[in-house]
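Note sheet for the following structure.
In UniProt numbering, the protein residues as written are 1 to 212.
Here it is as structure tokens:
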């Protein structure tokens with residue numbers, strides 16, 4: 001397990017579906033001030049050059065806070081800017097394909113939607129997985145939530161070797177339920193990005209998950 005992932009509990013996503021381009025740096029800083037342990041930049045619908053530009057703006061802030069920057073989908077961008085990692089979905093190729101672009105040291109994560117996919121990602125050698133969506137979520141329209149019943153089995157069988165970040169519809173109002181289901185690490189998107197105070201919302205979540 002990579003050291004930067006071992007203690008990580010709260011994974012934030014700087015999603016251009018919620019954050020306007022001029023506010024990228026401001027919101028990134030707020031998420032990190034609130035205590036996010038990892039920050040992913042996700043910009044669905046944007047071209048590679050735009051995403052590279054966004055990442056170059058955010059990377060210095062991540063360096064300032066000592067927090068890894070993960071690029072969603074675009075391995076070439078991650079390699080070009082010297083990001084800390086890349087996250088890919090089930091349809092985005094193999095780990096071998098990504099490693100050929102980013103090398104052996106970069107963090108590479110995989111989205112998984114079932115215990116079988118989680119196990120396959122572990123066998124393949126990914127550095128972490130996203131597991132979900134637990135609940136229906138506007139960031140994954142048309143995909144039903146997979147529920148909470150497999151959170152504890154997946155966490156208990158592989159969580160000590162492979163960080164399992166639960167994702168999908170997790171909010172402050174259902175956080176206790178997700179933790180009670182066995183989650184130790186999680187990704188929260190819209191509930192943080194739409195909060196009246198991003199710093200306070202992020203800090204509140206971090207306090208609840210920090211000792212898991």
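From the three backbone atoms N, C-alpha and C, an ideal C-beta is built for every residue, glycine too.
Remember, it's a predicted structure, so these values are computed and weren't measured experimentally.
Same chain, Cβ closer than 7 Å to residue i, five either side skipped, listed in chain order
i	result
residue 35	10, 202, 203 and 206
residue 183	151, 155 and 166
residue 181	148, 151 and 152
residue 77	48, 51, 52, 55 and 71
residue 169	133, 134, 135, 136, 137 and 145
residue 95	108, 124, 125 and 126
residue 80	52
residue 98	75, 86, 88 and 108
residue 2	107 and 127
residue 269	Because the chain here runs from 1 to 212, residue 269 falls outside it and cannot be looked at.
Residue i, enclosing alpha helix (DSSP H) - first and last residue
i	result
residue 216	Absent from the model: residue 216. The displayed extent of the chain is 1 to 212, so no value can be given.
residue 61	48-65
residue 204	198-209
residue 29	24-33
residue 3	3-6
residue 81	75-81
residue 175	175-180
Expected contact under 8 Å - CB spacing of residue i and residue j to nearest Å
i	j	result
residue 73	residue 50	Residue 73 to residue 50, Cβ: 13 Å. No contact.
residue 25	residue 199	About 14 Å separates the two Cβ atoms, so there is no contact after all.
residue 6	residue 31	In fact, because the Cβ distance is near 20 Å, the residues do not count as touching under 8 Å.
Residue i - containing beta strand (DSSP E), residue span
i	result
residue 42	38-42
residue 164	164-166
residue 87	85-88
residue 130	128-131
residue 186	185-188
residue 101	First-last for residue 101: 95-102, but that is the alpha helix (DSSP H), not the beta strand (DSSP E).
Same chain only: Cβ atoms within 6 Å of residue i, ignoring 5 sequence neighbours per side
i	result
residue 158	122
residue 209	9 and 10
For residue i, the three-state DSSP class (helix, strand or coil)
i	result
residue 212	coil
residue 150	coil
residue 69	strand
residue 108	strand
residue 117	helix
residue 122	helix
residue 134	coil
residue 157	helix
residue 143	coil
residue 91	coil
Beta-carbon proximity list for residue i, same chain, < 8 Å, skipping 5 on both sides
i	result
residue 90	110, 111, 112, 113 and 117
residue 82	59
Check whether the region 55-63 touches the region 97-104, taking contact to mean three or more Cβ pairs, one atom from each stretch, closer than 8 Å.
no
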